[in-house]
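Protein chains in written order, with our numbering: chain L, 62 to 191; chain D, 62 to 191.
Where a beta carbon is used, it is the ideal one built from N, C-alpha and C, also for glycine.
Nothing here was measured: the structure is a model prediction, and the numbers come from that model.
First up is the structure itself, then whatever we jot down about it.
Number of protein chains: 2
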Amino acid sequence: MPTNELRTRVLLAAADDPGKCAVRDVLDHLAGKWSTLVLLYLDDGPRRFGALRRGVPRISKRMLTQTLRELERDGFITRHAFPTKLPSVEYRLSPLGESFLVPLRALIVWVEKQHGQIRRARTRYDARAD
Amino acid sequence: MPTNELRTRVLLAAADDPGKCAVRDVLDHLAGKWSTLVLLYLDDGPRRFGALRRGVPRISKRMLTQTLRELERDGFITRHAFPTKLPSVEYRLSPLGESFLVPLRALIVWVEKQHGQIRRARTRYDARAD
DNA sequence: CAGGATCCAGAAAGATACTG
DNA sequence: CAGTATCTTTCTGGATCCTG
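Spelled out as structure tokens, the structure:
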């Protein structure tokens with residue numbers, strides 16, 4: 062699997078149409094402040110809306126709803142509404158979502174490992190720039 | 062390496078201070094429209110500013126400059142200015158940047174593989190929602 | 001409880017013009 | 001060539017109020 066080939070496909074896809082570039086397509090919504098945190102949180106098991114609000118710090122109702130909709134739309138999570146007296150809705154990872162967590166977690170591990178180095182690079186850069 | 066532990070650290074870090082959450086910290090700037098594309102493009106070797114502009118479709122001078130600065134600041138790339146008559150500046154991946162491409166590329170491979178499934182999930186969702 | 005609807009301030013990003 | 005500066009537009013997300 063030649064690197065160039067991968068890169069070329071990526072860039073050409075981006076050039077043609079943002080909607081057809083797989084990388085941008087998924088990275089964009091992974092980029093949202095919250096998607097990643099919600100996915101990681103759901104990795105511990107199904108959770109209800111309220112539990113997610115409490116579990117993901119500082120997220121607003123609006124953003125949580127929006128994030129959940131996007132993740133559901135893309136097939137990363139599923140939504141189960143129980144028609145109880147007061148509505149109760151449960152979200153859980155789909156197989157697709159679970160499989161996504163594998164490369165995502167690898168990236169996170171890298172980040173955690175290198176974070177110190179990145180922070181030092183920043184300090185150095187900022188010091189040089191006054 | 063227990064999953065829970067990783068998740069917990071992530072969430073607590075996010076709760077405390079956005080600037081200290083490693084995941085958000087790096088994901089945020091990976092999320093920018095262009096960082097990923099620039100990094101992948103530079104994986105083929107050092108490139109000059111103009112070459113990057115032509116190579117990364119539709120990027121504006123402003124955004125390219127900004128992206129390069131951030132990547133340089135975080136230590137992912139290095140910048141070499143040659144004091145020729147007309148300025149010439151070359152950018153190249155640092156070892157840190159190269160090592161970052163490993164997990165990043167794994168994520169991209171996943172995305173490319175599953176993109177069809179994601180798109181189908183979207184179509185299905187949109188069809189149901191009318 | 002789990003949202004939907006609306007308003008609005010601030011950040012992000014495109015277009016354009018200028019410079020060492 | 002490789003940027004910087006400025007203006008303008010678009011987008012994002014928080015706050016608030018409402019509902020089945």
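Practice item. Quick one: residues in its chain with C-beta nearer than 8 Å to the C-beta of D:L147, no 5 flanking neighbours on either side, listed in chain order? Key: Here residue 147 of chain D refers to the residue found at position 86 when the second sequence is read from its first residue. Contacts found: none.
Check your understanding: Taking Cβ to Cβ, would you say D:H176 is nearer than 8 Å to L:A167?
Key -> Along the second sequence, read from residue 1 onward, the residue named residue 176 of chain D stands at position 115. Along the first sequence, read from residue 1 onward, the residue named residue 167 of chain L stands at position 106. For the 8 Å CB-CB criterion, D:H176 and L:A167 do not form a contact.
Practice item. Could you say if the segment 177 to 184 of chain L and the segment 88 to 107 of chain D meet the contact criterion of at least three C-beta pairs nearer than 8 Å? Key: no
Check your understanding: When the Cα of D:D104 is compared with those of D:R123, D:S155 and D:T184, which residue comes out closest?
Key -> Position 43 of the second sequence, counted from the start, is the residue given in the question as residue 104 of chain D. Closest by alpha carbon: D:S155.
Check your understanding: Would you report the Cα separation of L:L113 and L:S121, rounded to the nearest angstrom?
Key -> Walking along the first sequence from the start, residue 113 of chain L turns up at place 52. Walking along the first sequence from the start, residue 121 of chain L turns up at place 60. Distance between the alpha carbons of L:L113 and L:S121 is about 10 Å.
Point to revise | Segments assigned beta strand (DSSP E), at least 3 residues, entirely inside the segment 126 to 189 of chain D | key: 138 to 143 and 149 to 154
Exercise for review: For L:V150, go through chain D and note every residue whose CB falls closer than 7 Å to its CB, in chain order.
Suggested key: Here residue 150 of chain L corresponds to residue number 89 of the first sequence, with the count starting at 1. The contacting residues do not exist; L:V150 stays about 16 Å from chain D at best.
Exercise for review: Give the DSSP-derived three-state secondary structure of L:R108 in the structure shown.
Suggested key: Along the first sequence, one-based indexing puts residue 108 of chain L at 47. In this structure, L:R108 counts as strand in the three-state DSSP scheme.
Review point. For D:R109, which residues of its own chain have a beta-carbon under 8 Å away from its beta-carbon, when the five flanking residues on both sides are left out?
Key: Along the second sequence, one-based indexing puts residue 109 of chain D at 48. Only S149, V150, E151 and Y152 meet the Cβ criterion.
**Study point:** Test item: CB-CB of L:V117 and L:Y102 under 8 Å
**Key:** Here residue 117 of chain L refers to the residue found at position 56 when the first sequence is read from its first residue. Here residue 102 of chain L refers to the residue found at position 41 when the first sequence is read from its first residue. Yes, the Cβ-Cβ distance between L:V117 and L:Y102 is below 8 Å.
Exercise for review: For chain D, find out if any of its Cβ atoms is closer than 8 Å to the Cβ of L:V99; answer yes or no.
Suggested key: Position 38 of the first sequence, counting from 1, holds the residue named residue 99 of chain L. No, L:V99 does not count as interfacial toward chain D.
Exercise for review: Alpha carbon to alpha carbon, how far is L:V163 from D:F137? Give it in angstroms, no decimals.
Suggested key: For this step, residue 137 of chain D is matched to residue 76 along the second sequence. For this step, residue 163 of chain L is matched to residue 102 along the first sequence. Going by the C-alpha atoms only, they are around 23 Å apart.
**Study point:** Residue of D:D89, D:P144 and D:V172 minimising C-alpha distance to D:L132
**Key:** Along the second sequence, read from residue 1 onward, the residue named residue 132 of chain D stands at position 71. Comparing Cα positions, the closest option is D:D89.
Review point. Near L:L157, what residues of its chain come up, given a Cβ to Cβ distance below 7 Å and the 5 sequence neighbours on each side ignored?
Key: Within the first sequence, numbered from 1, the residue matching residue 157 of chain L stands at position 96. For L:L157, where only same-chain residues beyond five positions count, the Cβ hits under 7 Å are G136 and F137.
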